[in-house]
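The block underneath contains the structure these notes are about, expressed in structure tokens.
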Amino acid sequence: MKKRTLALFAVFLLVLSGCAGVKFGQTKEQAAALADLSHVGVKGVTINFVKGQPPDVSFTNTPLDIVVELRNEGAYPVSGGVVSISGYDSQWINLQPQEKIFSLEPKTKFNTFGGYDTAQFSSSNIYLPRGTDTLDQNFLASVCYKYRTESRIPVCIDPNPTSILENEACRVTQSVSGISGGQGGPVSVTAIREDAAPGQVSFLISIANQGDGTVVEQASLSKCPGELKFGDVDNVQYSVKMSGTTGVCKPDYKSRLSNKQGVIQCTFTLTNAVSPAYQTVLEINLDYGYMSQKAKMVKLKSFT
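Quick note: the sequence shown uses our numbering, first residue 4, plus one each step.
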């Protein structure tokens with residue numbers, strides 16, 4: 004009897020573990036998608052100085068090492084990113100190399116920390132102008148890279164909103180839910196307003212730079228960081244699809260941010276204008292370059 008009880012308990016645990024995280028009305032596939040938190044948050048590549056590199060105080064006639072940590076805390080892989088150090092007088096400090104290229108894997112449900120790497124910049128010696136005992140240098144580490152935010156938003160589509168049917172699969176609401184918290188990148192979809200009309204549906208999509216850096220036009224990344232101009236920043240390319248089709252969107256393929264905010268309006272013509280309401284997914288891809296920076300002040304002192 005005891006063995007039978009233990010066997011039944013083991014079967015119960017197996018069933019329970021197989022259904023863990025599956026809410027009523029969800030398939031296992033839907034539950035797994037919701038459990039993947041990689042497409043949550045508003046971070047991309049983060050940058051930090053390794054403690055003590057550089058030190059708070061550095062002396063002449065000694066080498067100087069600067070090491071920065073790079074981590075991809077977003078959901079998109081980085082290839083061909085550039086990290087560089089500026090803000091210092093190269094006449095007295097000769098840092099090498101000038102810049103470094105990096106690649107980082109994204110955050111996934113199997114690697115919740117994201118890809119990680121370090122970059123080292125070194126000067127074999129430090130000098131000061133004659134007659135100068137101290138000199139403050141503000142080292143500025145910059146990362147510039149391409150990124151994409153992929154948003155997959157469930158929406159209700161009603162081809163015939165004037166229908167008197169009460170029991171339908173879903174109901175259209177003006178404000179689409181389930182968007183807050185970001186989608187795994189510094190530029191995010193922050194709100195969607197849906198307007199249904201017979202045979203068509205329109206979406207007003209609000210986007211924002213919610214990260215701590217600057218949005219850079221992808222074609223202008225070669226100018227990053229020191230040569231960027233007004234027209235090189237705050238431009239986000241996008242694509243919006245629903246049920247495999249592309250809608251008519253404005254502005255054309257690119258939204259310019261103002262005060263970190265932007266708007267995209269898309270209209271889709273529905274092929275079956277008499278179909279009952281149904282649920283589908285609005286697929287939004289935001290493509291952009293991004294620049295993040297971190298500063299560290301170092302006091303240079305004469306050794307003699």
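Each residue gets a CB set at the ideal place from its N, CA and C atoms; glycine is no exception.
Item	Value
Residues sharing a beta bridge with P157, DSSP	V284
Assigned secondary structure, S82 (DSSP; H/G/I helix, E/B strand, else coil)	strand
Endpoints, beta strand (DSSP E) assigned at C173	Taken as a continuous stretch (DSSP letters only), C173 belongs to no beta strand (DSSP E), as it is neither H nor E.
Check whether A298 and N51 have beta carbons under 9 angstroms apart	no
Simplified DSSP state of G234, which is helix, strand or coil	helix
Proximal residues to D68 (C-beta, below 6 angstroms), its chain only, five neighbours per side dropped	Q56 and S125
Short Cβ contact (9 angstroms threshold) for D92 with F105	no
Assigned exposure category for E169 - 16 Cβ within 10 Å defines buried	exposed
DSSP state of A276 mapped onto helix, strand, coil	coil
Neighbour flag for Y256 against chain B, beta carbons, 9 angstroms	Considering every chain present, this structure includes no chain B. It has just one protein chain.
Beta-carbon spacing of E153, N238 below 9 angstroms	no
For V211, the first and last residue of its enclosing beta strand (DSSP E)	Per the sequence presented here, residue 211 reads as Ala, with Val not at that position. Here the beta strand (DSSP E) through A211 covers Q203 to N212.
Sheet register partners of Y119 (DSSP bridge)	R74
Anticipated Cβ contact below 8 angstroms, Y241 with S261, distance rounded	That belief does not hold up - the Cβ atoms of Y241 and S261 are roughly 16 angstroms apart, past 8 angstroms.
Beta-carbon proximity check, K2 vs S61, cutoff 9 angstroms	This structure cannot speak to residue 2, because the chain is shown only from 4 to 307.
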